[in-house]
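Under numbering that gives the first Met the number 0, think of the first position of the sequence shown as 0, with each following residue one higher. Idealized CB from N, CA, C, for every residue including glycine. Remarks on the structure that follows.
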Amino acid sequence: MIGPRGLNVWVRERLAAGGFDIATERRVERAVADQNGWRIDYSNGEHDRADVVIFTPPAVQTAALLGPRAADIPALADAGAALAACHSVVVRAPALPERQAIFFKSGRLSWVADNTHKAGRDGDRHLWTLHADAEFSDAHVDTPTAELADELIAEFAAATAQRAADMEIVRTHRWRYARPGRGAPDADDLCWTHTAAGLAIAGDWLAGGRVEGAWLSGREAARHLIAAYALG
C-alpha cells in the first residue's frame with residue numbers, strides 16, 4: 000500500500016467523507032474511565048467524553064495513556080518489550096535487474112526494498128530503503144541513524160556486489176517502536192477488547208507487524224465493538 004501524500008491523509012479523507020468529526024494535532028495526556036464512560040484529557044487542559052475508546056499507538060504509549068488500568072490488560076503485560084526499534088536509511092543506488100527486495104538472515108540488515116520500483120518509476124539509479132535488524136537497532140537505539148548509515152550501506156553493497164561509493168544517502172530515520180518484539184502478544188489475537196468497558200486496543204504489533212497487520216487488527220477491533228454495541 001502506497002500513500003503518495005501519506006497514509007494518514009488517505010485515512011482522514013475517508014473519515015471525512017463518512018461524516019465523522021475529526022480532531023487532529025491534539026496531544027492526549029490520559030484516558031480515564033469513570034461511571035459516565037471515558038474522559039479524554041488533552042495537554043491544553045481541554046477534555047472530551049466518550050462511550051468507547053480505541054487505542055492504536057505502540058504498546059508503551061498506550062500503557063502510559065491508560066495509567067494504572069494498563070496493569071489489568073494482558074496485551075500490555077510486557078509493553079516495554081512489545082515493540083523493537085528500527086533504523087532506516089534511504090539511499091540512491093544503481094538498479095538491480097529483477098530484484099525488488101532482499102531479506103537477510105543474519106547481519107546488521109533485516110531487509111532492503113526498491114522504492115522506485117514500487118512507485119512505478121524507472122531509471123539507472125533507484126531509491127532503496129534499508130531496514131536494520133531488530134537486534135542491531137535495539138542495541139543502538141539511542142545512536143543517531145546517520146552515524147550508523149555507513150555500516151548498513153556497506154552491508155547492502157557487499158550483498159549486491161556493488162560499491163558503497165556509488166550510493167548516496169537520501170535520508171535516515173529511527174523508529175523507536177517499529178515492529179513486534181519479544182514481548183508482543185500472540186499475533187493470532189489481532190486485537191484486545193473489553194466491550195463492557197468500552198475499550199479496544201489495536202495495532203500492527205498485535206497482529207504480527209506490517210501494514211496489513213495494522214489493517215487486520217483495526218478491522219477486528221471494529222468488528223467486536225460493532226457487534227457489542229449493535230452499530231451495524
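Whole angstroms are fine: how far does the CA of L65 sit from the CA of V31?
Computed Cα separation, rounded: 7 Å.
If V88 sits next to T171, beta carbons under 8 Å apart, how far is it from one beta carbon to the other, in whole angstroms?
Their Cβ separation, rounded to whole angstroms, is 5 Å, which keeps V88 and T171 in contact under 8 Å.
Take the Cβ of F102 as the centre, count every other Cβ of all protein chains shown within 10 Å, and call the residue buried at 16 or more, exposed below.
Exposed, because fewer than 16 other Cβ atoms sit within 10 Å of the Cβ of F102.
Find the nearest neighbour of A58 within the set A206, W214, R218 and A221, judged by alpha-carbon distance.
Checked all of A206, W214, R218 and A221; the closest Cα to A58 is A206.
Short of 6 Å in beta carbon distance, which residues of its chain neighbour A133, apart from the five on each side in sequence? Order them along the chain.
The residues are A83.
What residues match up with D203 in a beta bridge as DSSP calls it?
The partner list for D203 (beta bridge, DSSP) is empty, contrary to what the question assumes.
Quick check: what's the CA-CA separation for W174 versus A49?
So the alpha carbons of these two residues sit roughly 30 Å apart.
Beta-carbon within less than 7 Å of R26's beta-carbon, same chain only, minus the 5 sequence neighbours each way: which residues are those?
For R26, where only same-chain residues beyond five positions count, the Cβ hits under 7 Å are Y41 and S42.
Mark F155 as exposed unless 16 or more other C-beta atoms lie within 10 angstroms of its C-beta, in which case mark it buried.
Buried, by the Cβ-count rule.
Do we get a CB-CB distance below 9 Å when we pair D20 with the residues of chain B?
Absent here is chain B; the protein component of the structure consists of one chain.
Which value, in whole angstroms, describes the spacing of the CA atoms of K104 and H223?
Taking the straight line joining both Cα atoms gives about 37 Å.
Just how far apart, CA to CA, sit A63 and P184?
Approximately 18 Å between the Cα atoms of the pair.
Assuming Q21 contacts V90 under a Cβ cut-off of 8 Å, what Cβ separation, rounded to an integer in Å, is found between them?
Looking at the sequence provided, one finds Ile at residue 21 rather than Gln. With a Cβ gap of about 36 Å, I21 and V90 do not count as contacting.
Just curious, the beta strand (DSSP E) that A84 is in, first and last residue?
Here the beta strand (DSSP E) through A84 covers L82 to P93.
In three-state DSSP terms, what is V210?
V210: helix per DSSP, three-state reduction.
Any idea what DSSP makes of V169, helix, strand or coil?
V169 falls in the strand class under three-state DSSP.
Between A241 and the rest of its own chain, which residues show a CB-CB distance below 7 Å, the 5 nearest in sequence each way excluded?
What is shown of the chain runs 0 to 231, which leaves residue 241 out entirely.
Could you tell me the boundaries of the beta strand (DSSP E) in which I101 lies?
Taken as a continuous stretch (DSSP letters only), the beta strand (DSSP E) holding I101 covers A100 to F102.
With DSSP as the reference, label S109 as helix, strand or coil.
In this structure, S109 counts as strand in the three-state DSSP scheme.
What number of angstroms, rounded off, separates the C-alpha of D47 from the C-alpha of V10?
Going by the C-alpha atoms only, they are around 22 Å apart.
State the DSSP-derived secondary structure class of T192, mapped to helix, strand or coil.
It is a strand residue.
Contact check, W127 vs A157 under 8 Å by CB: the rounded distance?
Incorrect: roughly 14 Å between the Cβ atoms, too far for contact.
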